[in-house]
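Count along the sequence shown starting at 1, add 1, and that's the number in my numbering. Below is one structure, written out as structure tokens; comments come after it.
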Amino acid sequence: MCSFRTYLLIALVIAAFIGTSVGDENRVPPLQGWRIVDLTHELNDSSPVYPGSVGFRLKNLVPIEKGYYTNEFSMGEHVGTHVDAPAHFSADGKSMSRVSMQRLTGPLVVIDVKEEVAKNPDLAVCIKHIRRHEQKHGAIPPGAFVVANTGWASRWKDAKSYVNLGQDNLPHFPGFSESAAKYLANERKAIGMGIDTLSTDVGTSKDFPQHRAFLGGGGVNLENLTNLDKLPSRGAFLFVAPLKIGNGSGGPARVVAFLRNDRSGE
């Protein structure tokens, strides 16, 4: 009997050949029996960026009036929905081009902390949040991506609100604690962590303990996710497709979740 991952890979191959036209997602259903949720923000000149980062810029090279349409773009590696490779915080960690696709697919676990973030934008998702989730939904399986749904994605179109600089000139948004990163890496063998903010570390952090702990162990981070409210706590499967940048510390990515229509994931 084929494993769930095998079925998914087969489905992805089929989808590559029978994908829908842009703007007409309902014309040809690409995966019968599956619900597909895009967790990726659109990139444009107003996309929020971490303070000091190089933003996204698009320059037209040839207008359609000349027979075809093409642009060039420039951006930092860590802009928009993207992956942090181990090399981002580990001298001997793998660069983006060396992270295998096996390390970029896996079951998805979504931890909802929106109510707590509404009261405290500097919330650090810690072990108590993970254990509370596990008590309700079961233990996190090995090889999973664990993401925090903080509700921050709703601020994306307002860059000032999304970055949320305080009077201390530091960004204020939620992230994960170092202890959570170590727990997920060591006790739950997670291969990825993710969040709907600019960083998997709390915005006010100056030494990035989550990054150091999790990337240092060979995991990857996903940042600036969206549409997490469209997913159940359990049951979805994640597919991450970053640009394969040689020696890259990370890269922009299309992040997609797959969920069988007959599975609630709860």
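Backbone N, C-alpha and C fix where the C-beta goes; we use that ideal spot for every residue, glycine too.
Buried/exposed call for residue i, threshold 16 Cβ in 10 Å
i	result
Arg133	exposed
Gly247	exposed
Gln211	buried
Leu232	buried
Pro108	buried
Pro64	exposed
Leu223	buried
Asn165	buried
Pro142	exposed
Asp159	exposed
Met102	exposed
Ala17	With a pLDDT of only 47 at Ala17, under 50, the local geometry of the prediction cannot be trusted, and the value read off the model is given with reservation. So Ala17 counts as exposed.
Ala214	buried
Glu78	buried
Glu66	exposed
Ala258	buried
Phe74	exposed
Tyr163	buried
Beta bridge counterpart(s) of residue i as assigned by DSSP
i	result
Trp35	Arg261
Ile196	Ala149
Ser75	Arg58
Asp202	Phe177
Arg255	Ala242
Glu224	His83
Val63	Thr71
Pro172	Leu166
Ala1	Given a span of 2 to 267 for the chain in the structure shown, any question on residue 1 remains unanswerable.
When the options are compared against residue i, the one with the closest alpha-carbon
i	options	result
Leu216	Val63, Asp93 and Ser47	Asp93
Asn268	Ser54, Asp46 and Val55	Beyond the ends of the chain as shown, which are 2 and 267, falls residue 268; an answer cannot be given.
Leu40	Arg261, Arg189, Lys207 and Ile196	Ile196
Asn72	Glu66, Asn262 and Leu59	Leu59
Asp230	Ala254, Val126 and Ala149	Ala149
Trp157	Asn225, Cys127 and Val147	Asn225
Thr151	Asp113, Ala181 and Ile131	Asp113
Cys127	Val257, Asp169 and Lys183	Lys183
Pro52	Lys115, Lys95 and Gly167	Gly167
Ala154	Glu135, Thr227 and Met97	Thr227
Ile37	Ala145, Phe240, Lys245 and Leu244	Phe240
Ala254	Asp85, Glu179 and Gly144	Asp85
Leu1	Arg261, Phe238, Leu260 and Asn262	Residue 1 cannot be examined here, being either before or after the span of the chain that is shown, 2 to 267.
Gly139	Asp202, Arg189 and Gly219	Arg189
Enclosing beta strand (DSSP E) for residue i [first to last residue]
i	result
Ile268	This structure cannot settle anything about residue 268, because the visible part of the chain is limited to 2 through 267.
Pro243	Ala237 to Pro243
His212	Where His212 is concerned, there is no enclosing beta strand (DSSP E), although the alpha helix (DSSP H) it sits in stretches over Pro210 to Leu216.
Val164	Segment Ala160 to Val164 is the alpha helix (DSSP H) holding Val164; no beta strand (DSSP E) there.
His294	Nothing about residue 294 can be reported from this structure: the residues present for the chain run from 2 to 267 only.
Own chain, CB closer than 6 Å to residue i, minus 5 neighbours either side, in chain order
i	result
Leu44	Phe57 and Gly81
Val50	Gly56 and Val80
His89	Leu216, Ser250 and Gly251
Leu124	Glu117, Val118 and Pro175
Gly144	Gly107 and Ile192
Ser91	Leu216 and Gly217
Val100	Ala86
Cutoff 8 Å; reference residue i; Cβ partners in own chain excluding five residues on either side
i	result
Ser206	Gly176 and Ser200
Ala186	Ala214, Phe215, Gly218 and Gly220
Opening and closing residue of the alpha helix (DSSP H) in which residue i lies
i	result
Glu43	From DSSP, Glu43 is part of no alpha helix (DSSP H); its letter is neither H nor E.
Lys129	Ile128 to His138
Other residues of its chain near residue i: CB distance less than 7 Å, five sequence neighbours each side excluded
i	result
Ala242	Ala254 and Arg255
Asn203	According to the sequence displayed, residue 203 carries Val and not Asn. If we look at Val203 and ignore the five residues flanking it on each side, its Cβ neighbours are Asp123, Ala125, Pro175 and Gly176.
His130	Ile112 and Val114
Any chain C beta carbon closer than 8 Å to residue i
i	result
Ser47	Looking at the structure shown, chain C is missing, and only one protein chain is on hand.
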